[in-house]
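Notes to accompany the following structure.
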Amino acid sequence: MDDLDDLFAFHSRPEVVRYTPWPVRNREETRAALERKLPQGELTADGQWLVLAIELRETGTVIGEVLLKWASEADRQGEIGFALHTDFQGKGLAAEAAREMLRVGFEELGLHRIVAVLDARNAASARLLERLGMRREAHHLHALRFKGEWGDEYVYALLDDEWRTARE
Numbered sequence: 001m002d003d004l005d006d007l008f009a010f011h012s013r014p015e016v017v018r019y020t021p022w023p024v025r026n027r028e029e030t031r032a033a034l035e036r037k038l039p040q041g042e043l044t045a046d047g048q049w050l051v052l053a054i055e056l057r058e059t060g061t062v063i064g065e066v067l068l069k070w071a072s073e074a075d076r077q078g079e080i081g082f083a084l085h086t087d088f089q090g091k092g093l094a095a096e097a098a099r100e101m102l103r104v105g106f107e108e109l110g111l112h113r114i115v116a117v118l119d120a121r122n123a124a125s126a127r128l129l130e131r132l133g134m135r136r137e138a139h140h141l142h143a144l145r146f147k148g149e150w151g152d153e154y155v156y157a158l159l160d161d162e163w164r165t166a167r168e
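Going by full-length UniProt numbering, the first residue of the sequence shown is number 1, and it counts up by one from there.
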């Protein structure tokens, strides 16, 4: 709960949450979200999300979050997501956090495939995913009703053997 102010600093910014499933949050909504996130520090079953803070090394300030969903143990599938305070975007920090979450998924959980699903207008995240070696596999037109409007979505994916080859 010590990170509430840091979390509120980016959960309250429209430009940060534009492409996230949650709306702009006030302080109390951010507190409730943080309380829900606190027990999400490990994965023990299908359908769960691992939610980790992205912190600045120098100060310990929380500037974002990175998520990994254990979508299916039987099929060894996962999904990754991230959000970062606008003041810290464009510095490689989201890529560093997402790369580490991919490592956890492939090397620690033994996942076979990890996807990222994003709003097709989110060009910055698409570029980040491509830098991580993920490829766009799908473009779904008007795939979801998102924040009051129909939106297209991209699906990016990476396989465990592609991850291993890139690491070598």
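Cβ atoms here follow ideal geometry from the backbone N, Cα and C, with glycine treated the same way.
| request: Please report the residue range of the beta strand (DSSP E) in which Ser72 lies. | output: If you number the sequence shown from 1, residue 72 lands on position 72. Boundaries of the beta strand (DSSP E) around Ser72: Val62 to Ser72.
| Straight-line gap, Ala71 to Gly47 (C-alpha atoms, nearest Å) | Locating residue 71 in the sequence shown gives position 71, counting from the first residue. Locating residue 47 in the sequence shown gives position 47, counting from the first residue. Taking the CA atoms as reference points, Ala71 sits about 5 angstroms from Gly47.
| query | What residues in its chain sit with their C-beta under 7 angstroms from that of Ala152, if we drop five residues either side in the sequence? | reply | Locating residue 152 in the sequence shown gives position 152, counting from the first residue. In the sequence as displayed, the identity of residue 152 is Asp instead of Ala. Excluding residues within five positions, the ones whose Cβ falls inside 7 angstroms are Ala120, His139, His140, Leu141, His142 and Ala143.
| Val115 - DSSP class collapsed to helix/strand/coil | Taking the sequence shown and counting its residues from 1, the one referred to as residue 115 is at position 115. Here Val115 sits in strand by DSSP.
| Using a Cβ-Cβ distance under 8 angstroms, would Phe10 count as near chain D? | Going by chain labels, chain D is absent from the structure shown, which holds only one protein chain.
| For Phe88, the first and last residue of its enclosing alpha helix (DSSP H) | Here residue 88 refers to the residue found at position 88 when the sequence shown is read from its first residue. Neither: Phe88 is in no alpha helix (DSSP H) and is coded neither H nor E.
| query | Which residue's Cα is closest to the Cα of Gly148: Trp22, Leu7 and Ala126? | reply | Here residue 148 refers to the residue found at position 148 when the sequence shown is read from its first residue. For Gly148, the closest of Trp22, Leu7 and Ala126 by C-alpha to C-alpha distance is Trp22.
| task | Tell me whether Ala45 sits in a helix, a strand or coil according to DSSP, three-state version. | result | As a first step, residue 45 is located in the sequence shown; it is residue number 45 there, counting from the start. The answer is coil: DSSP assigns Ala45 none of H, G, I, E or B.
| query | What is the DSSP secondary structure of Gly110, counted as helix, strand or coil? | reply | On the sequence shown, residue 110 is found 110 positions in, with the first residue counted as 1. Residue state, collapsed to three classes: coil.
| field | the region 98–105 touching the region 72–88, judged by at least three CB pairs closer than 8 angstroms | value | Three or more Cβ pairs closer than 8 angstroms define a contact, and the region 98–105 meets that threshold against the region 72–88.
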